[in-house]
Amino acid sequence: MTVKEQIDRLRAELHRHNYQYYVLNNPEISDKEFDNLMRELQELEQAHPEYADQNSPTMRVGSDLSKDFRQIKHKYPMLSLGNTYSEADVADFYDRVRRGLNEDFEICCELKYDGASISLTYENGQLAYAVTRGDGEKGDDVTDNVKTIRSIPLVLQGDYPPRFEIRGEILMPWTVFEELNREREAREEPLFANPRNAASGTLKLQNSSVVASRKLDAYLYYLLGEQLPSDGHYENLQVAAGWGFKISTHMKKAHSLEDIMDYIKYWDTERKTLPVATDGIVLKVNSLRQQQLLGYTAKSPRWAIAYKFQAERACTRLDKVTYQVGRTGAVTPVANLDPVLLAGTIVKRASLHNADIIEGLDLHLGDMVYVEKGGEIIPKITGVDKAARGLHTGEKVKFITRCPECGSPLIRYEGEAAHYCTNETDCPPQLKGKIEHFISRRAMNIDGLGPETVDAFYQAGLIHDAADLYGLTVADITRMDRMGVRSANNILRSIDNSRNVPYERVLFALGIRFVGESVAKTIARSFTDIDKLASATLEELKATNDIGDKIAESIVNYFDKPANRQLVDRLRQAGLQFSRNETEETPHSDKLSGLSIVISGVFRHHSRDEYKELIERNGGKNAGSISSKTSFILAGENMGPKKLEDARKKGIRIMSEDEFLAMLQEQ
Ligand code: IVH
Numbered sequence: 000m001t002v003k004e005q006i007d008r009l010r011a012e013l014h015r016h017n018y019q020y021y022v023l024n025n026p027e028i029s030d031k032e033f034d035n036l037m038r039e040l041q042e043l044e045q046a047h048p049e050y051a052d053q054n055s056p057t058m059r060v061g062s063d064l065s066k067d068f069r070q071i072k073h074k075y076p077m078l079s080l081g082n083t084y085s086e087a088d089v090a091d092f093y094d095r096v097r098r099g100l101n102e103d104f105e106i107c108c109e110l111k112y113d114g115a116s117i118s119l120t121y122e123n124g125q126l127a128y129a130v131t132r133g134d135g136e137k138g139d140d141v142t143d144n145v146k147t148i149r150s151i152p153l154v155l156q157g158d159y160p161p162r163f164e165i166r167g168e169i170l171m172p173w174t175v176f177e178e179l180n181r182e183r184e185a186r187e188e189p190l191f192a193n194p195r196n197a198a199s200g201t202l203k204l205q206n207s208s209v210v211a212s213r214k215l216d217a218y219l220y221y222l223l224g225e226q227l228p229s230d231g232h233y234e235n236l237q238v239a240a241g242w243g244f245k246i247s248t249h250m251k252k253a254h255s256l257e258d259i260m261d262y263i264k265y266w267d268t269e270r271k272t273l274p275v276a277t278d279g280i281v282l283k284v285n286s287l288r289q290q291q292l293l294g295y296t297a298k299s300p301r302w303a304i305a306y307k308f309q310a311e312r313a314c315t316r317l318d319k320v321t322y323q324v325g326r327t328g329a330v331t332p333v334a335n336l337d338p339v340l341l342a343g344t345i346v347k348r349a350s351l352h353n354a355d356i357i358e359g360l361d362l363h364l365g366d367m368v369y370v371e372k373g374g375e376i377i378p379k380i381t382g383v384d385k386a387a388r389g390l391h392t393g394e395k396v397k398f399i400t401r402c403p404e405c406g407s408p409l410i411r412y413e414g415e416a417a418h419y420c421t422n423e424t425d426c427p428p429q430l431k432g433k434i435e436h437f438i439s440r441r442a443m444n445i446d447g448l449g450p451e452t453v454d455a456f457y458q459a460g461l462i463h464d465a466a467d468l469y470g471l472t473v474a475d476i477t478r479m480d481r482m483g484v485r486s487a488n489n490i491l492r493s494i495d496n497s498r499n500v501p502y503e504r505v506l507f508a509l510g511i512r513f514v515g516e517s518v519a520k521t522i523a524r525s526f527t528d529i530d531k532l533a534s535a536t537l538e539e540l541k542a543t544n545d546i547g548d549k550i551a552e553s554i555v556n557y558f559d560k561p562a563n564r565q566l567v568d569r570l571r572q573a574g575l576q577f578s579r580n581e582t583e584e585t586p587h588s589d590k591l592s593g594l595s596i597v598i599s600g601v602f603r604h605h606s607r608d609e610y611k612e613l614i615e616r617n618g619g620k621n622a623g624s625i626s627s628k629t630s631f632i633l634a635g636e637n638m639g640p641k642k643l644e645d646a647r648k649k650g651i652r653i654m655s656e657d658e659f660l661a662m663l664q665e666q
């Protein structure tokens with residue numbers, strides 16, 4: 000057998016075992032045997048890169064490559080469904096369908112899975128791309144992340160159409176969700192409110208090997224394409240199950256309104272035994288021909304409806320409202336409640352989000368309020384029982400005007416719902432929050448210091464800001480309770496190691512508003528040291544790809560404040576990385592030397608940022624807008640019409656992605 004044959008055989012075998020295990024729940028071999036086969040394949044692939052394949056089972060382990068997501072336009076828009084909570088509305092829907100069709104019809108009843116919706120496109124039996132719902136018109140290309148989900152086939156079996164799309168829901172099972180939150184709690188990281196947020200947050204992670212570790216699952220529920228097997232939605236999905244997809248086994252065809260009501264009643268309680276979150280039932284006219292006859296409204300199909308389960312609700316007394324101040328100074332109101340049992344746990348507190356919510360509820364102290372969980376961990380207040388108001392009812396809840404921690408006045412920025420404490424330099428929770436952010440894993444990754452230690456050090460006057468960390472000594476730390484020489488040395492070693500953390504993460508660690516991890520990366524590429532960034536004008540910042548007005552203003556504001564500049568100076572003196580590492584910037588060639596290139600549109604092979612990097616590494620310059628100096632435009636799909644016209648007028652060449660890559664390949 001040739002190496003190629005060996006590789007092909009291993010791949011086919013692993014795809015099959017994967018399907019047996021993750022889709023059918025019926026493994027034929029032990030985990031160890033599976034791992035051995037996988038290792039064998041990995042070794043062969045490493046030794047023979049010429050046989051690399053994007054959809055090899057080895058691709059499921061993810062990669063460490065970070066990248067921003069490119070956007071892809073949906074071939075068919077991803078619509079949402081009309082929602083209802085009442086059985087009367089379901090009856091109305093049934094009636095509308097009956098009158099609209101005036102012939103026999105079947106309704107397919109399904110569970111409404113509560114996760115992140117996804118669209119998968121398969122070409123010649125291979126997963127080509129996976130795109131999030133986005134705004135319904137276009138979504139994020141999350142193919143690399145989706146490949147790590149074992150129940151999604153990379154390569155299909157049987158007799159499938161040459162090209163089709165299948166949509167479904169990516170889910171984080173309850174057990175995985177709870178475990179993830181336990182781990183996050185231990186690491187003092189913010190918790191996910193529900194499995195839906197956890198699933199969609201995970202899909203958007205930059206690092207697909209972290210995605211792989213999160214054990215997501217997926218159910219597919221909607222097949223689209225030109226050459227589908229039959230006219231029946233239900234029947235098509237059963238056929239798709241044979242191609243390797245995980246299709247819910249709880250779908251049922253109803254022939255009467257009574258059948259539908261039975262299904263709803265049964266699943267309203269039974270859903271609690273399922274391994275994943277559901278929030279309702281979806282009803283679909285089964286025949287595709289009949290679906291077409293009924294058609295669509297502007298927002299949703301007329302042939303389908305979602306019936307949502309009532310969220311679990313309790314009624315209890317509002318005792319008082321307290322306020323929490325975060326690291327950005329944002330003030331969050333929290334309702335303190337008489338303890339009440341809700342969906343199996345005792346609830347004492349609920350988030351009130353912001354001043355508008357309080358106003359909208361017309362909340363008074365002592366009010367009897369409705370608390371709901373609806374799949375969320377943090378319960379929310381959804382209403383007030385105004386009829387229960389009486390002598391015991393206290394005054395109307397008024398949002399505070401001064402910071403509960405430092406007494407400074409609060410402000411509310413235009414267009415934002417939150418109030419902020421204005422005292423950025425001395426408000427304790429803001430200062431502590433900034434230090435906590437600075438040392439967090441994704442920023443400077445300083446171990447041994449959790450929020451409690453930061454608080455204790457702060458109280459003891461040891462640290463007031465991030466730069467103070469670099470002046471700590473063993474004697475300082477051992478003076479604290481429960482801190483021996485060993486812990487002190489560990490903390491100091493970790494602080495010392497942080498001096499090697501690359502510039503882009505230092506930028507993120509500074510905690511400039513709106514400068515998250517990926518923005519920090521973009522900035523680091525364009526402004527290769529902190530002085531360039533600190534002296535950049537609003538216009539220069541705005542002209543940088545992917546930096547919008549809000550981010551640009553926030554950066555300028557940050558460096559306008561002397562206190563922030565001093566902090567940066569002290570951190571620089573402490574030896575932190577404030578410029579981009581030379582080796583990362585070494586150009587690969589000078590093929591593009593002297594050329595000024597504008598990037599526009601949506602790309603297939605690389606993200607926009609990767610193209611920017613490619614241009615820079617080959618000696619070219621990436622310009623934000625078209626001018627007479629533009630050498631050519633690297634254009635993806637859907638280039639903006641204004642840019643297109645501008646380019647035509649100026650006679651500037653428009654180069655496709657493939658042409659560009661070919662040009663770089665040339666000797
Ligand atoms: S069908 C045009 N079926 O609910 C019909 N959707 O608002 C497209 N969902 O965004 C959707 N379970 O993410 C369909 N069995 C199911 C579903 C389902 C969950 C989600 C989906 C969609 C939303 C509808």
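In numbering that gives the first Met the number 0, the protein residues as written are 0 to 666. Each residue gets a CB set at the ideal place from its N, CA and C atoms; glycine is no exception.
Under DSSP, Thr477 forms no beta bridge with any residue.
At a Cβ-Cβ threshold of 8 angstroms, Ile511 and Tyr557 count as neighbours.
Under DSSP, Asp528 takes part in a beta bridge, and its partners are Ser578. Residue nearest to Gly623 within the set His604, Ser599, Arg603 is Ser599 (criterion: CA-CA distance). Lys379: member of the beta strand (DSSP E) spanning 379 to 383, first to last residue. Short of 7 angstroms from the beta carbon of Gly231, and not among the five residues preceding or following it, lie these beta carbons of its own chain, in chain order: Asn285, Ser286. In this structure Leu155 touches Gly124 by the C-beta definition: roughly 4 angstroms separates them, less than 8 angstroms. The distance from the Cβ of Ile246 to that of Leu219 is about 6 angstroms, consistent with a contact at the 8 angstroms cut-off. Leu215 and Met171 do touch by the CB rule: their CB atoms are close to 6 angstroms apart, below 8 angstroms. Boundaries for Met250: no beta strand (DSSP E) harbours it, and the DSSP string shows neither H nor E there. When the beta-carbon positions are compared, Leu293 and Gly99 come within less than 8 angstroms of each other.
Pro300 has its CB nearer than 7 angstroms to a heavy atom of ligand 1.
In the structure shown, the three-state DSSP call for His232 is helix.
The beta carbon of Ser118 sits no closer than 7 angstroms to any heavy atom of ligand 1.
Put simply, the backbone Cα of Glu636 is about 33 angstroms away from that of Arg441. The alpha-carbon separation between Asp278 and Lys111 amounts to approximately 6 angstroms. Between the C-alpha atoms of Arg492 and Ala562 there is a straight-line separation of about 27 angstroms.
In this structure, the alpha-carbon of Leu430 lies about 30 angstroms from that of Asp318. Contact between Phe513 and Ser553 holds: their C-beta atoms lie close to 5 angstroms from each other, under 8 angstroms.
In the structure shown, Val284 adopts extended strand secondary structure according to DSSP, grouped into three states.
Taking Asn25 as reference, the option from Asn17, Ala305, Gln5 with the minimal CA-CA separation is Asn17.
Exclusion of Val96 from the 7 angstroms shell around ligand 1 follows from its C-beta lying no nearer than that to any non-hydrogen atom of the ligand. Assignment of Leu509 by DSSP, reduced to helix, strand and coil, places it in the coil class. Within the same chain, Cβ atoms closer than 6 angstroms to the Cβ of Ser588 are found at Asn617, the five residues on either side in sequence being excluded. Rounded to whole angstroms, the gap between the alpha carbons of His352 and Thr331 is 6 angstroms. Residues Pro501, Tyr502 of the same chain have their beta carbon placed closer than 8 angstroms to that of Asn580, with the five preceding and five following residues left out of the count. Contact check between the stretch 415 to 431 and the stretch 453 to 472: three or more CB pairs, one atom from each, fall below 8 angstroms, which counts as touching. Residue ranges of uninterrupted beta strand (DSSP E) with 3 or more members, entirely inside the stretch 626 to 650 and ordered along the chain, are 631 to 634.
Ligand 1 never approaches Arg270 closely enough for any of its heavy atoms to be under 7 angstroms from the residue's Cβ. Each residue's CA atom was taken as its position, placing Val597 and Arg603 some 17 angstroms apart. Beta-bridge annotation (DSSP): Ile345 is paired with Leu340. The stretch 42 to 61 and the stretch 201 to 213 touch, with no fewer than 3 CB-CB distances between them shorter than 8 angstroms. In this structure, Leu202 has its beta carbon at no less than 7 angstroms from each heavy atom of ligand 1. Arg132 has its CB nearer than 7 angstroms to a heavy atom of ligand 1.
Within the same chain, Cβ atoms closer than 6 angstroms to the Cβ of Val555 are found at Leu537, the five residues on either side in sequence being excluded. Excluding sequence positions up to five before and after Val2, its CB lies within less than 6 angstroms of the CB of His47, all in the same chain and listed in chain order.
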